[in-house]
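Counting along the sequence shown from 1, when you hit position 18 you're at 20 in the numbering used here, and nothing is skipped either side.
The beta-carbon is built from N, C-alpha and C at its ideal position, and this holds for glycine as well.
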Amino acid sequence: MRSFLLLTAAVVLAAPLAAAPPPPTYGTFGFDTGGMNRAVTPGTDFGRFANG
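Listed below in structure tokens is the structure:
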């Protein structure tokens with residue numbers, strides 16, 4: 003009887019682990035520095051520096 007209870011408890015406690023969803027996949031996001039004009043210093047003309 004005791005082994006049956008232990009087996010039942012193990013199955014009940016392990017069931018949510020098997021049904022857990024996979025971790026989410028993240029896309030590409032963030033700050034894009036491709037359009038920056040690094041030839042201009044930000045202190046001189048920040049608009050040209052940030053926007054190219």
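Cβ shell of V42 (< 8 Å), same chain only, five flanking positions each side left out:
Only R50, F51 meet the Cβ criterion.
Given P44, which residues of its chain have a CB within under 8 Å of its CB, disregarding the five upstream and five downstream residues?
Cβ-Cβ distances below 8 Å link P44 to F51, A52 in the same chain, with the five nearest sequence neighbours on each side left out; the list follows chain order.
Helix, strand or coil: which one does DSSP assign to F33?
In this structure, F33 counts as coil in the three-state DSSP scheme.
Please report the straight-line C-alpha distance between G37 and G29, rounded to a whole angstrom.
Taking the straight line from one Cα to the other gives about 20 Å.
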